[in-house]
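Asks: Before I ask anything, here is the structure I am working with.
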């Protein structure tokens, strides 16, 4: 794409058309096209051709490939636009069947359109052997090979000199001055669009002479006499201004300014400071054309061209030429080229701010959508010219803006096949150049976190480059641009755009991972650097564990025999560096940071190492939005030695990214860290005797109250080396929760001094699950536990998992050169899930068979999926269906106190009863009387256990009801007869006295105070009672008090009463007892639960 803008020196050049000759309608081959460009480069590198030594004169040929861009139709107005020379280039080797005469005929046919202005022509025939050359009337240049053709430049120089002499003769021709009725030169369409009024013959002659003098001045400038051409232009300007010929006057003014610039030899102005100016907003293109441009400041008069012409005068001359061009709408293209010639002068003078003002008032009007005199393709070329000039002035942002605008015009042009692949391939380099203007080129550092410019504009520009590459057929480049956008500008993207761009990237990759870590060459001029994704996600740290979480190793001398086992550190000269073992699985801990607002999925993370290769298992991880994740990845080193981590790679969004840690600031220290890999050493393999012996974690599910045995096997995997000093233990041997107690024990206990190659040792892990109350009746002590008390309980039917580890340590005599001892540690996690089998839902205390016993009514629930058989006693069994409940009554004898050895237990004094030793003794006495067990079959396996009763005596104050005084009590009733239903149901006659007697016998040497009261009521059979004390007439005292002591151990009291009416009566004996010790506070027993007596009262 031609980016060369019109320059003032173009007026001093001779246009020579160079064309590649082909036969037929076939397009030229790649060989012909490439070598034609080489020929064109050699011609353009010739520069000026010397035609005279005294005085020195030079002519400058301008070799053009697209003659239409020279606008030859305006050749009469500006002679440098005429095609004076023609050069045809042909490659005979591409058409072996075509002879020389046919090439000459094709050459003549190609130059026919330019015959009217053509002065001379040449045919350059390449790859033609000298033996086949024949003479011809045409001027031909023969070359066997392009590289070995030394006479090509000389032949072309002779050709240029022949053009010079013809133009020199035209410069010296003044015959137009002697003509009476000279025909003045015209341009096409001048008669139709001319604004010249009807003038006199004298004015018409001035016009004619002025135009001829203007052409003579063009020839003078083209033949190397710039200063003389300025004089000729001055004469033409005077005549044309007097004749009012605006078009030719504008051309003469332009020629004068270009002659002055062409006469400049080596002038360069001092570079001044740059001043920021704003880019055009919408509507500025139209407003820019409202008035004539006037510079806001003037150039210093001291800045003159080498011929003494002030630069301000030259600039004013350009402005006058533009003003005259502006009067003629059909000359808008000439006006545009004249404006760029003036802009080139401003660039040479380093007048950046004046250049911006100049473009605003002269050139921007051509870019308006309403300006239809030039096509969109030409508008794109104008934008490209403006971008190039802005780039020379240092206006990077304006350069980027006009590059993007030029791409837009080229794409929208109808003549450029819109939306075609070739169109986008032509604009793709322009959009790449625009990235430099926004300080976000493709060579930005990986860790560049400082943003310059406008992120929103940068995002749009990079996405435009991505779309252009995609439509141009550069899919690999489009993927790379989208990766670059996500890597460097993720912080400026909204979550919606992040989802959109990441989704586009996955679709482009089409499930085939694309590497982006190598340079990509699109064509000979476009080279894309590699891209590394180090921000999505960010790898903050990479740490190697000492093998893995379940295995550790330290090196040092042989440990002393007095070393403390497991719970103390090793007493050896261990080194602090990390150790891995060859061919042994290790754990890599990677800290990943996702700084975006969307979740990121990463897979196939691997390490790049220098030294021993380190392979990583396939992995996949999802990192939540705006979060940090620590991921553990398993891998292993293949051989012994050492390595350094120099980078890492992973797959994300369908692309494969490779990052070097030395280019990432937060990981740069990782490149200097060395990881040692030890040779293979014997390994103690720990397996569990179960259905899945390869399971890493010892997992068991047991029922509450059950005891299970887990078999363990320790085996030396080495074929030659023994393992010594094998020591093992469970880290936490007891778990205590509110209602769960689990104990673990290894049998047999001890150590293994020597385990030979492939030798096997068997052990058992005994796991016992209790409820919160031990078999002795007391609550399990928590002072010696290794875990806190806030564990969950399984009393609600929810399984609870307790975790601990089995830790094994052993020593190995190393076989490396250092002869070190290796102290190894193996860890096997243990997970015990406690599943309740029978759950106690509720319980209540009821009266027993006598006042010395109580009934415990317990509601039990079957939480298993099988039938459960409850063993109350050896003879009593109850079967409970799955998910069903039942109530079990248990007769419990009361605890008599003080009595026997328990007399030494003093009454609670100063502390609550729940915390006293008496309460604990009562609990133990009660629990010894309860032995509920369950059994069930799962397949062929029978499981049995003890029913956990952790909440049976909760709160402990309930134990107070099971405490009874140490005496014997007998009750007798006179004047009543027992019924056949029960001994507690009596018959009596109304209005007849009834006597009830109580006999006490103290069993211990203590003092007991007893108070007896009778209460009569009627059971209404609906849970309510009715007081009947008014229907009973006492015949003596209503209550009595008895004191039993060592001196008076026996006592008797009776009550007499009479029923007034017939009916059922219930009598409850309320017996309150108080223990009065010699020292300490009195102890109040719970009221004795004497059986309720029922009296059936009748009149007979």
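Residue numbers (the UniProt record's numbering): 1 to 1100. Quick reminder that beta carbons are idealized off the backbone N, C-alpha and C, glycines included.
#1: Counting along the chain, where does the alpha helix (DSSP H) carrying residue 499 start and finish?
#2: Using only CA atoms, which one of 612, 392, 668, 629 lies nearest to residue 642?
#3: Find out if the Cβ-Cβ distance for the pair residue 333, residue 81 is shorter than 8 Å.
#4: Let me know the secondary structure DSSP gives residue 186 once reduced to three states.
#5: Mind checking whether residue 973 and residue 989 have CB atoms under 8 Å apart?
#6: Looking only at DSSP bridge pairs, what is residue 1019 linked to?
#7: When the Cβ atoms of the region 1011-1019 are set against those of the region 959-979, are three or more pairs found closer than 8 Å?
#8: Verify whether the separation of the beta carbon atoms of residue 251 and residue 314 is less than 8 Å.
#9: In chain order, what are the residue ranges of uninterrupted alpha helix (DSSP H) at least 4 long that sit wholly in the region 298-372?
#10: Looking at the strands, I want to know which residues DSSP matches up with residue 114.
#11: Within the continuous beta strand (DSSP E) that includes residue 466, where are the two ends?
#12: Measure the Cβ-Cβ separation of residue 654 and residue 539 and say whether it is below 8 Å.
#13: How would you call residue 840, buried or exposed, if buried means at least 16 neighbouring beta carbons within 10 angstroms?
#14: Rounded to whole angstroms, what is the Cα-Cα separation between residue 617 and residue 589?
#15: When you compare the CB positions of residue 241 and residue 152, do they come within less than 8 Å of one another, or not?
#16: Which residues mark the beginning and the end of the beta strand (DSSP E) in which residue 586 is found?
#17: For residue 828, does the three-state DSSP call read helix, strand or coil?
#18: From residue 371 to residue 54, what distance separates their C-alpha atoms?
#19: To the nearest angstrom, report how far apart residue 912 and residue 954 are at their CA atoms.
#20: Using a Cβ-Cβ cutoff of less than 6 Å, which residues in the same chain neighbour residue 1095 once the five nearest sequence positions on both sides are dropped?
#21: Look at the Cβ atom of residue 496, then the Cβ atom of residue 600, and state whether they are nearer than 8 Å.
#22: For a minimum of 3 consecutive residues, which ranges assigned as the beta strand (DSSP E) are wholly contained in the region 885-972?
#23: Taking the alpha helix (DSSP H) that residue 218 falls in, what are its first and last residues?
#24: Of all the options 650, 644, 596, 645, which has the alpha carbon lying nearest to the alpha carbon of residue 628?
#25: One question on the structure: do residue 594 and residue 651 come within less than 8 Å of each other, judged by their Cβ atoms?
#26: So does the region 1021-1039 actually touch the region 1085-1094, counting three or more Cβ pairs closer than 8 Å?
#27: Where residue 870 and residue 1086 are concerned, what is the direct C-alpha to C-alpha distance, given to the nearest angstrom?
#28: Apply the 10 Å Cβ neighbour rule to residue 942 and answer buried if 16 or more other Cβ atoms are within range, or exposed otherwise.
#29: Give me the DSSP bridge partner(s) of residue 608.
#30: Work out the CA separation of residue 359 and residue 353 for me, nearest whole Å.
#31: Taking DSSP's pairing of strands, which residues face residue 868 in a bridge?
#32: Under DSSP, the alpha helix (DSSP H) around residue 235 begins and ends at which residues?
#33: Taking only three categories from DSSP, how would you classify residue 374?
#34: Below 8 Å, can you find three or more Cβ-Cβ pairs linking the region 516-523 to the region 456-467?
#35: Is the distance from the Cβ of residue 623 to the Cβ of residue 592 below 8 Å?
#36: Among 657, 214, 891, 877, whose alpha-carbon lies nearest the alpha-carbon of residue 857?
Replies: Put simply:
#1: 495-509
#2: 612
#3: no
#4: coil
#5: no
#6: 1025
#7: no
#8: no
#9: The DSSP assignment places complete alpha helix (DSSP H) segments of no fewer than 4 residues inside the region 298-372 at 311-326, 332-348, 352-362, in order along the chain.
#10: Answer is none; residue 114 lacks a bridge partner.
#11: Here residue 466 belongs to no beta strand (DSSP E); instead the alpha helix (DSSP H) covers 455-471.
#12: In this structure, residue 539 does not lie closer than 8 Å to residue 654 by Cβ.
#13: buried
#14: 13 Å
#15: no
#16: 586-594
#17: Residue state, collapsed to three classes: strand.
#18: 50 Å
#19: 15 Å
#20: 986, 988, 1065
#21: no
#22: 885-893, 933-938, 941-946
#23: 201-222
#24: Looking from the CA of residue 628, the closest CA among 650, 644, 596, 645 belongs to 596.
#25: no
#26: no
#27: Distance between the alpha carbons of residue 870 and residue 1086: 32 Å.
#28: So residue 942 ends up on the exposed side.
#29: 647
#30: 10 Å
#31: In DSSP, residue 868 forms a bridge with 880.
#32: 226-243
#33: coil
#34: no
#35: yes
#36: 891
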